[in-house]
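A.B. asks:
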Amino acid sequence: MRKWKHICHSKKRQSSRSPKIQLLNNEAGVTLVELLAAIAILGIVIALAGSVHIFGQRQFRSQTKSANQTNDLSHALTVMSTDLRRYNANQVRVTENGEIEVSNYLNSEDGYVLTYYVSNKKLLYKGTVLIDDVSHFYAKKIDNKGIHIEISVSSTDPGVEAKNYQTTIYFRAESPETTA
Numbered sequence: 441m442r443k444w445k446h447i448c449h450s451k452k453r454q455s456s457r458s459p460k461i462q463l464l465n466n467e468a469g470v471t472l473v474e475l476l477a478a479i480a481i482l483g484i485v486i487a488l489a490g491s492v493h494i495f496g497q498r499q500f501r502s503q504t505k506s507a508n509q510t511n512d513l514s515h516a517l518t519v520m521s522t523d524l525r526r527y528n529a530n531q532v533r534v535t536e537n538g539e540i541e542v543s544n545y546l547n548s549e550d551g552y553v554l555t556y557y558v559s560n561k562k563l564l565y566k567g568t569v570l571i572d573d574v575s576h577f578y579a580k581k582i583d584n585k586g587i588h589i590e591i592s593v594s595s596t597d598p599g600v601e602a603k604n605y606q607t608t609i610y611f612r613a614e615s616p617e618t619t620a
């Protein structure tokens with residue numbers, strides 16, 4: 441004859457309950473301390489990523505400003521070189537303040553027009569701004585052969601260094617005094 445096994449059917453029924461009920465009865469989960477630790481770590485990671493991004497933006501702005509100043513200086517020196525080489529030596533003079541004046545008349549003391557000068561930290565060409573933030577502009581005439589020019593540009597922005605450029609522009613047009 442067969443042996444009967446003692447089985448408790450009630451326990452078997454509990455284990456056969458749906459998975460949803462088992463999940464609700466499961467006590468394994470996230471505690472408040474674990475949740476706060478995860479949020480704190482996430483906050484630190486976001487703060488580090490944000491500071492790297494902000495540093496990159498500041499660096500980009502300062503390098504852009506520095507590159508723009510260099511481009512402005514190069515453009516201004518090119519404009520001055522092209523313009524001043526068209527004149528004879530006696531058509532160009534430098535004032536005591538280092539400003540450059542040009543005359544359209546060959547042998548006249550009259551008719552000189554203030555051409556290159558600094559006003560309110562801006563280098564102007566006949567009233568048009570060539571460079572901003574000019575800290576120093578100096579011009580000196582060299583024996584009716586040319587003009588030596590020094591320009592310094594500085595900025596109040598952090599990370600932008602001051603720039604000093606100098607050049608000598610020689611007149612290409614011959615002066616009437618040298619041909620006679």
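Going by the working numbering, the first residue of the sequence shown is number 441, and it counts up by one from there. Idealized CB from N, CA, C, for every residue including glycine.
1) When burial is assigned at 16 or more other CB atoms within 10 Å of the CB, is Q606 buried or exposed?
2) Can you tell me whether I571 is buried or exposed? The criterion is at least 16 other CB atoms within 10 Å of its CB, across all chains shown.
3) Hey, out of Y565, S594 and N537, whose CA is closest to D573's CA?
4) Who pairs with A579 in a beta bridge, going by DSSP?
5) Going by C-alpha to C-alpha distance, which of S521, V600, G551 and L563 sits closest to H588?
6) Grouping DSSP H, G and I as helix and E and B as strand, with all else coil, what is N530?
7) Does the Cβ of V558 lie closer than 6 Å to at least one heavy atom of the ligand COA?
8) Can you have a look at G496 and say buried or exposed, based on whether 16 or more other CB atoms are within 10 angstroms of its CB?
9) Under three-state DSSP, which class holds T471?
10) Would you kindly work out how many angstroms separate the C-alpha atoms of A602 and R525, rounded to a whole number?
11) Taking Cβ positions, are Y610 and K585 nearer each other than 7 Å?
12) How many angstroms separate the CA atom of A507 from the CA atom of S514?
13) In terms of residues, what are the limits of the beta strand (DSSP E) holding T555?
14) Among L517, T504 and V600, whose alpha-carbon lies nearest the alpha-carbon of D564?
15) Can you name the residues that DSSP bridges to Q606?
16) Let me confirm a value: S491 is counted as buried when at least 16 other C-beta atoms fall within 10 Å, else exposed. Which label applies?
17) For a test of the three-state rule: what should DSSP assign to K562, helix, strand or coil?
C.D. replies: On the basis of the coordinates in this document:
1) It counts as exposed.
2) buried
3) S594
4) I589
5) Between H588 and the set S521, V600, G551 and L563, the nearest pair of CA atoms involves S521.
6) helix
7) This structure simply doesn't include the ligand COA, nor any ligand for that matter.
8) So G496 counts as exposed.
9) coil
10) Distance between the alpha carbons of A602 and R525: 28 Å.
11) Taking 7 Å as the Cβ cut-off, Y610 and K585 qualify as a contacting pair.
12) 11 Å
13) Note, T555: beta strand (DSSP E), Y552 to S559.
14) Note that residue 564 corresponds to Leu in the displayed sequence, not to Asp. The shortest C-alpha separation from L564 is found at L517.
15) E590
16) exposed
17) strand
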